[in-house]
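The structure appears below as structure tokens.
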Amino acid sequence: MCGIIGVTGRPSAVDDILAGLRRLEYRGYDSSGVVAVLEDGLGVVKRSGKLDRLDAALATAPLAAATGIGHTRWATHGAPTDANAHPHLDPAGRVAVVHNGIIENYRALRDDLAGAAFTSDTDTEVVAHLVARELDGPDGVDLLEAVRRVSGRLEGAYALCVVSADEPDTIVVARRQAPLIVAAVDGVGLCASDVAALIEHTDTCAALLDGQLARIRPDGYTVVDADGTAAAADEFTVDWDLSSAEKQGYEHFMLKEIHEQPVAVAETLLGRDDGAGNVTLDELRIDPSELARIDKVFILAAGTSLHAGMAGKLAIEHWAGVPVEVEVASEFRYRDPIVTDRTLVIAISQSGETTDTIAAAEHARAQGAPVIAISNVVGSTLARAADGVLYTRAGPEIAVASTKAFTTQIVACLVLALHLAQRKERLFASEARDVLDRLDTLPALVQRVVADDTAVLAAAERFKDVGYTMFIGRHGGLPIAYEGALKLKEVSYLHAEAFPAGEMKHGPIALIEPGSLVVAVAHDGHVFAKMVSNIQEVRARGASVLAVATASSRDALAEHADVVLTVPDAPHELAAPLLTVLPLQLYAYHVAVLRGADVDQPRNLAKTVTVE
Ligand code: M6R
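Residue numbers (our numbering): 1056 to 1667.
Okay, here's the thing in structure tokens:
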């Protein structure tokens, strides 16, 4: 959560920091702050609330300095107040720290600093105190060494960014289980939580590895390991540009990203076979024979990525013939999952930085399971930790509500299912090629749906005030029911829940009364007739029904539903979720806009969840 940026070597570092924070705001947006290293010490401005408040404060009291760091926060310890906003300083105001993550032993560390006065409720402030004490210590250490020593005492997860009035052109960063990248270009040193903040400066960055620290100065950066020995920087090139991270005329990032899906899906499908019908991944560090032996698959993910995994399960079981369990990542490592070296773990994460998903994947890997990551961020922590990677190539997803990541994750799951099926010799190259050819028609079909949202908007206007919506589906419609409900609750704050349609009679149907709204995902296919029965059951009890149909199921649904939103027939039944989700993304979007909700920055949420 939380976004961090540091700049040294620019005439007005604070302007660059503010611009970077704008691009990081999706990581957290309940308060923000900057510190600039001025000639006579550190200058700090921080405000609770959205970044505009910080911007306004800086407009009236500008901070002119060549070096500074900034932070946009998603509160973990301490309410989102001015006092708890980052940066945090030592009592003398000589060291300033911004932090993403949680220092789990901060209470014990505070106790060790008996008598010290703290001005916030955060876990972060203690780090500033400790670094200042190291700087004041008998050894006369520099800032890098001081932060290194303090890092060794910290438990938990952190990306730390530290400046000191004593080293005006230096920023020191440290990383454990929270992303941090550094860069240097034309006499400017930079660091940030992710590339979105740096993309206007450079497309060449280096990701710190767990335990590493870096000293950043205008003339470049040096990376050291936890023991202080010099380490090589792990550089990578960012393959998208500034325009990808901007709204480009759309009112919201969510809408822009919904409309980017045709291209995102096309990109994710691009070049997925080697020309001879063999389905390939982007990176594979697993012996193909290992995949051939797989007898069980776990798909681990959170939120929207989990729902994509549910659609992926159907494809893997269908083509590869391997049993698949889909599990919430945060639950996986706290039970006793049965994992062997014949268990494949597929970890799905748009950001590749979700702590729960990374930890679950590492837990399985430690027990010998190979891990394949599906991620949208090249070089993300998850991608680096995995034995194989399939990138979703959706481009940067900024809106908190995930849309294009979801559809591309389903594409990735389909491709991976074909790959596995081939490794297990269950699919001829010609068959795989045939499926891929059919999937290649998807971008045009996606385009048809997102290009015309007239019917969705009308439905949103009709149902926008219904306080509770029940989403139902079967087979490939079920993940879409879950995803439709998640989208609606995330951006509109309306209560929405999803159930397998067949489960309704076992309890949830008791909630149905005249005026209830049921969204039924009912594409054509082998469970369609059963869906129609379930729709009739809720309608008979007074519910209004908003159905999502495919062209072939539309007519049969028309007499049973109040509104039918139709998408084209899918090129394969397993690809139907990729189309049926689109009207529900647009529905959630329009309901949120009509209700005046903050679509791109919903309350209480952050884009990337880097705490447990
Ligand atoms: O980056 P990840 O895919 O790991 O993120 C997982 C979830 O936090 C994410 O999908 C979340 O549920 C979205 N806000 C959904 O729109």
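Even glycine gets a Cβ: it sits at the ideal position worked out from N, Cα and C. Quick caveat: nothing in here was measured; it's all calculated off a predicted structure.
Residue i CB to nearest heavy atom of ligand 1 below 7 Å
i	result
Gln1405	yes
Thr1284	no
Glu1545	yes
Gly1570	no
Ser1298	no
Ala1261	no
Ser1344	no
Ala1456	yes
Ala1438	no
Ala1033	Summary: the structure shown does not reach residue 1033, with the chain confined to residues 1056 through 1667, and so no result is reported for it.
Thr1463	no
Val1582	no
Leu1541	yes
Ser1360	yes
Val1664	yes
Thr1006	Past the edges of the chain, shown from 1056 to 1667, lies residue 1006, and the structure says nothing about it.
Thr1409	yes
Leu1660	yes
Ala1419	no
Ala1357	yes
Candidates the options: closest to residue i by CA position
i	options	result
Val1318	Gly1125, Val1505 and Gly1539	Val1505
Gly1156	Ala1163, Glu1408 and Thr1323	Glu1408
Ala1045	Ala1441, Leu1113 and Met1365	Any question about residue 1045 goes unanswered here, given that the chain covers just 1056 to 1667.
Val1576	Ala1606, Ala1565 and Gly1570	Ala1606
Gly1597	Arg1609, His1615 and Ala1151	His1615
Asp1107	Arg1077, Gly1098 and Val1092	Arg1077
Gln1405	Glu1094, Asp1110 and Lys1662	Lys1662
Pro1273	Asp1224, Val1587 and Val1279	Asp1224
Ala1428	Arg1390, Ala1441 and Asp1579	Ala1441
Val1379	Val1444, Ile1401 and Lys1302	Ile1401
Ala1551	Gly1557, Phe1526 and Ser1571	Phe1526
Ala1147	His1561, Val1186 and Ala1111	Val1186
Under the three-state DSSP convention, the category residue i falls into
i	result
Arg1397	coil
Arg1348	coil
Asn1589	helix
Gly1562	coil
Ala1214	strand
Gly1075	helix
Val1278	strand
Gly1528	strand
Tyr1523	strand
Phe1173	coil
Gly1326	coil
Pro1343	helix
Ile1254	coil
Thr1436	helix
Ala1192	Before going on, a small fix: residue 1192 reads as Gly here, not Ala. Looking at Gly1192 - three-state DSSP - the assignment turns out to be coil, as it is neither helix nor strand.
Phe1518	helix
Phe1483	coil
Arg1420	helix
Val1377	coil
According to DSSP, residues forming a beta bridge with residue i
i	result
Ile1124	Gly1061 and Val1090
His1143	Val1152
Ala1220	Paired residues: none, contrary to the question.
Leu1445	Ile1429
Phe1387	In the DSSP output, where bridge partners are listed per residue, Phe1387 has none listed.
Gly1244	Thr1063 and Ala1239
Cys1468	In DSSP, Cys1468 forms no bridge with anything.
His1550	Tyr1523
Gly1098	Ala1091
Thr1621	Ala1604
Asp1355	Correcting the residue identity first, residue 1355 is Leu in this sequence and not Asp. Partner(s): Glu1382 and Ala1402.
Glu1290	Ala1261
Val1227	Val1217 and Arg1270
Ile1158	Gly1211
*So does the stretch 1305-1322 actually touch the stretch 1467-1474, counting three or more Cβ pairs closer than 8 Å?*
Note that the stretch 1305-1322 does not touch the stretch 1467-1474; fewer than 3 beta-carbon pairs, one per stretch, sit closer than 8 Å.
*Tell me, please, whether the stretch 1617-1626 touches the stretch 1520-1527 by the rule of three or more beta-carbon pairs shorter than 8 Å.*
With a cut-off of 8 Å, the stretch 1520-1527 and the stretch 1617-1626 do not count as touching, because too few Cβ pairs lie within range.
_Three CB pairs or more closer than 8 Å across the stretch 1124-1134 and the stretch 1143-1159_ = The answer is yes - the stretch 1143-1159 touches the stretch 1124-1134, with three or more Cβ pairs under 8 Å.
*With contact counted as at least three CB pairs below 8 Å, one residue from each stretch, are the stretch 1485-1500 and the stretch 1347-1367 in contact?*
Judged by Cβ distances under 8 Å, the stretch 1485-1500 makes no contact with the stretch 1347-1367, as fewer than three pairs qualify.
*Between the stretch 1161-1177 and the stretch 1215-1223, do at least 3 Cβ pairs fall closer than 8 Å?*
Touching, no.
*Report yes or no: do the stretch 1084-1093 and the stretch 1256-1276 share at least 3 C-beta pairs separated by less than 8 Å?*
At 8 Å Cβ cutoff, the stretches do not touch.
*Segment contact flag, the stretch 1627-1646 with the stretch 1536-1550, C-beta cutoff 8 Å, min 3 pairs*: Yes, they touch.
*Check whether the stretch 1377-1388 touches the stretch 1485-1493, counting contact only when three or more Cβ pairs, one atom from each stretch, lie closer than 8 Å.*
No contact exists between the stretch 1377-1388 and the stretch 1485-1493.
*Could you say if the stretch 1200-1216 and the stretch 1228-1238 meet the contact criterion of at least three C-beta pairs nearer than 8 Å?*
In short, these stretches touch, since the Cβ pair count reaches three.
*asked:* Any contact between the stretch 1277-1287 and the stretch 1421-1435? By contact I mean 3 or more CB pairs, one from each, below 8 Å.
replied: The answer is no - the stretch 1421-1435 does not touch the stretch 1277-1287, with fewer than three Cβ pairs under 8 Å.
*contact_flag[the stretch 1409-1417, the stretch 1436-1454] where n(CB pairs < 8 Å) is 3 or more*: Yes: the two stretches touch, three or more of their Cβ pairs being nearer than 8 Å.
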